[in-house]
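Student: Counted the way numbering that gives the first Met the number 0 counts, the sequence shown spans residues 0 to 138. C-beta: ideal position from N, C-alpha, C; glycine also. One structure, pasted below without further comment.
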Amino acid sequence: MTDNITLTMIKPMAVKKGYIGPILAKIAEGGFRIVAMKYTKLSLEQAQKFYEVHKERPFFRDLTAFMSSGPIVAAILEKENAVQAYRDHIGATNPAEAKPGTIRALYGTDLGMNAVHGSDSIENANIEADFFFAKTERY
Ligand code: ATP
Ligand code: MG
0 MTDNITLTMI
10 KPMAVKKGYI
20 GPILAKIAEG
30 GFRIVAMKYT
40 KLSLEQAQKF
50 YEVHKERPFF
60 RDLTAFMSSG
70 PIVAAILEKE
80 NAVQAYRDHI
90 GATNPAEAKP
100 GTIRALYGTD
110 LGMNAVHGSD
120 SIENANIEAD
130 FFFAKTERY
């Protein structure tokens with residue numbers, strides 16, 4: 000288990016709006032180092048597996064349908080205290096409540112389409128990193 004990584008996804012609407020470049024620039028600006036990265040698309044089954052912790056929540060269906068609706072960018076980011084540092088950098092879940100200058104404030108559309116994912120614990124960061132990347136894909 001690595002305590003200095005987090006897993007991010009640039010979500011389908013942000014990809015569709017052409018925000019991959021600007022979001023990667025903000026990630027670099029925040030001092031995060033890219034350990035692994037891929038442009039890919041989740042199947043509905045993969046999205047359901049990724050968001051399994053939310054399966055009893057009322058928004059699970061919409062969330063997994065949206066997350067499998069188009070291509071995403073997944074990446075492992077490294078920084079000291081990466082999980083909390085990245086959550087601070089992306090801002091609140093609802094872009095309307097995210098601090099000005101954060102990634103979700105700048106590039107989020109609404110609560111469901113909030114531009115990016117960020118892991119919520121060190122344990123989940125490691126589980127989510129393993130979901131997308133083999134150890135041989137990390138540099
Ligand atoms: P993420 O896990 O995507 O980084 P988060 O940790 O800030 O976001 P979670 O509570 O894990 O928020 O919720 C996962 C995702 O589900 C959110 O990013 C958001 O897109 C969606 N979501 C959360 N709450 C709601 C809600 N009440 N209605 C609709 N969608 C929601
Ligand atoms: Mg979460």
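1. Closest to THR135 by CA distance: which of ALA84, PRO11, LYS48 and VAL34 is it?
2. In the DSSP assignment, find the beta strand (DSSP E) that holds MET66 and state where it starts and stops.
3. Using a Cβ-based criterion (distance less than 7 Å to any ligand heavy atom), does VAL31 qualify as near the ligand ATP?
4. Taking the Cβ atom as the reference point for each residue, do ALA81 and ILE4 lie within a distance shorter than 8 Å?
5. Identify which residue in ASN125, LEU110 and ILE121 has its Cα closest to the Cα of ALA13.
6. Are there any heavy atoms of the ligand MG lying less than 7 Å away from the beta-carbon of ASP119, as far as the coordinates show?
7. Can you grab the Cα-Cα spacing for the pair TYR138 / SER68, in whole Å?
8. Beta-carbon within less than 6 Å of ALA91's beta-carbon, same chain only, minus the 5 sequence neighbours each way: which residues are those?
9. DSSP beta-bridge partners for GLU77?
10. Between LEU43 and the ligand ATP, is there a pair consisting of the residue's CB and a ligand heavy atom that are separated by less than 7 Å?
11. Considering only the alpha carbon of each residue, which of LYS16, ASP61 and GLY107 lies closest to ALA46?
Tutor: The structure says:
1. It is VAL34 whose Cα lies nearest to the Cα of THR135.
2. First-last for MET66: 59-66, but that is the alpha helix (DSSP H), not the beta strand (DSSP E).
3. Rather than Val, the amino acid found at residue 31 in this sequence is Phe. Answer for PHE31: no, Cβ out of range of the ligand ATP.
4. Yes.
5. That would be LEU110, whose Cα lies nearest to the Cα of ALA13.
6. Under cutoff, so the answer is yes.
7. Distance between the alpha carbons of TYR138 and SER68: 29 Å.
8. Counting only Cβ-Cβ distances below 6 Å, and skipping sequence neighbours, we find ALA97.
9. Answer is ILE4 and ARG32.
10. Answer for LEU43: no, Cβ out of range of the ligand ATP.
11. When each option's Cα is compared against that of ALA46, the closest is ASP61.
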